[in-house]
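Asker: Just passing along the structure, written as structure tokens.
In UniProt numbering, the protein residues as written are 1 to 115.
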């Protein structure tokens, strides 16, 4: 798990920390990091998934696509959703994935869960 992924598990605290850090710093990199964090949080909200669910989805797709080629659909993502997410949230999650560029399983890995 990457450093940012660990922070995103507690993203409200991470955002608060980054905002305080930027207030004290004049470093442009800090502002870029804050903007990146805000972008990731907006992505999380649009997906209606918790950070640990996104990580689990990425792991599942990565492991499954090692042996199966992507068929340019969301077949595996939909299978994972059926097993891990309440049915009434599926449409919202799929819409969020598409909005973030995840129109097939391999795109979900590269465009959505690659933080």
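We put the CB at the ideal spot given by N, CA and C, even for glycine.
Which word fits residue 49, buried or exposed, when buried means at least 16 other C-beta atoms lie within 10 angstroms of its C-beta?
Answerer: So residue 49 ends up on the buried side.
Asker: DSSP three-state label for residue 21, please.
Answerer: Residue state, collapsed to three classes: helix.
Asker: Using the three-state DSSP reduction, which class does residue 50 fall into: helix, strand or coil?
Answerer: coil
Asker: Quick one: give me the first and last residue of the alpha helix (DSSP H) that residue 84 is part of.
Answerer: 75 to 84
Asker: Where does the unbroken alpha helix (DSSP H) through residue 96 begin, and where does it stop?
Answerer: For residue 96, the enclosing alpha helix (DSSP H) has its first and last residue at 90 to 99.
Asker: Does the Cβ of residue 24 have 16 or more other Cβ atoms within 10 Å, making it buried, or fewer, making it exposed?
Answerer: The residue is exposed, with fewer than 16 neighbouring Cβ atoms inside 10 Å.
Asker: Considering Cα atoms alone, identify which of 109, 47, 63 is closest to residue 92.
Answerer: Taking the Cα of residue 92 as reference, the smallest distance to any Cα among 109, 47, 63 is reached at 47.
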